[in-house]
Amino acid sequence: PDIRPILEKKLKLADRPSRQEIAQESPATKRYWALWDSLHLKDGVLYRKWENDDGSSCQWQLILPRIRIQEVLQETHDSTRGGHFGIMKTLRRIRERFYWDRLRADVEKWCRECQIC
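Quick note: the sequence shown uses our numbering, first residue -17, plus one each step.
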């Protein structure tokens, strides 16, 4: 639900909608709105263009719907491939491919609550 309004507007508009146009949306949708210029559609899928601090490289991160977050956290942290790494390494590995609102907070909570760690 937080991504849908942005996705719909990206399909229809080239320019970022005004603040008034998104006033009734959720706080998460407003945070995605703030990223408007770095969000791009590829084959109807929303991605974030993420550049490193010095601008020497960039990555395309899939904007992940809330329903898929647990799956990515499990695969990245809990699976045998994940290795139960700490917060920073888990965060770095997820950011290589994905982005979602409150990503860092979700990773921190997941790692803190991991029974094995």
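Glycine residues also receive a C-beta, built at the ideal position from the N, C-alpha and C atoms. Here the structure is a predicted model, which means the values were calculated and not measured.
Counting C-beta neighbours from all protein chains within 10 Å, is the total for residue i 16 or more, i.e. buried, or is it exposed?
i	result
Ile45	buried
Asp36	exposed
Leu23	exposed
Just to confirm my understanding: we take residue i, look at its own chain, exclude 5 residues before and 5 after, and list those with CB closer than 7 Å. What are they?
i	result
Arg79	Gln43 and Leu44
Glu7	Pro(-13)
Cys40	Lys31, Trp32 and Glu33
Quick one: measure Cβ to Cβ for residue i and residue j, integer angstroms, because I've assumed they're closer than 8 Å.
i	j	result
Lys(-8)	Leu21	6 Å
Asp(-16)	Asp83	6 Å
Can you name, in chain order, every residue of its own chain whose Cβ lies under 8 Å from the Cβ of residue i, other than the five neighbours on each side?
i	result
Arg86	Leu73
Near residue i, which residues of its chain fall below 6 Å by C-beta distance, leaving aside the five closest residues on each side in sequence?
i	result
Arg(-2)	Trp18
- Query: Would you call the region 64 to 71 and the region 88 to 96 touching, i.e. three or more CB-CB distances under 8 Å?
  - Reply: With a cut-off of 8 Å on Cβ pairs, the region 64 to 71 is in contact with the region 88 to 96, counting three or more such pairs.
- Cβ contact (3+ pairs, closer than 8 Å) linking the region 49 to 59 and the region 13 to 32: In short, these stretches do not touch, since the Cβ pair count stays below three.
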